[in-house]
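Report on the structure given below.
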């Protein structure tokens with residue numbers, strides 16, 4: 041896979057890679073993993089909310105009326 045990044049981002053990645061003693065590629069992989077983890081977590085949270093809403097609908101209605 042080839043990836044084109046803006047010059048400014050490339051400079052910042054180069055600087056960070058030197059500071060962290062790693063490669064720009066490794067930094068981009070870490071970033072991709074973080075994005076995927078965040079999206080997975082959001083889906084898990086949304087599924088959990090839907091579970092509570094469907095399984096505890098009556099309770100939620102009673103609480104709203106209280």
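Residue numbers (the working numbering): 41 to 106. By construction, the Cβ of each residue, glycine as well, lies at the ideal position given by its N, Cα and C atoms. Here the structure is a predicted model, which is why all the values come from computation and not from measurement.
Do you know how far the Cα of residue j is from the Cα of residue i?
i           : j           : result
residue 85  : residue 93  : 12 Å
residue 59  : residue 98  : 55 Å
residue 43  : residue 105 : 55 Å
residue 55  : residue 65  : 13 Å
residue 89  : residue 63  : 39 Å
residue 87  : residue 49  : 35 Å
residue 41  : residue 78  : 23 Å
residue 103 : residue 95  : 14 Å
residue 76  : residue 101 : 35 Å
residue 57  : residue 83  : 31 Å
Would you identify the three-state DSSP class for residue i, choosing helix, strand or coil?
i           : result
residue 87  : helix
residue 80  : helix
residue 104 : helix
Which complete beta strand (DSSP E) runs does the stretch 47 to 75 hold, if anything under 3 residues is left out? Within the stretch 47 to 75, no complete beta strand (DSSP E) segment of 3 residues or longer occurs.
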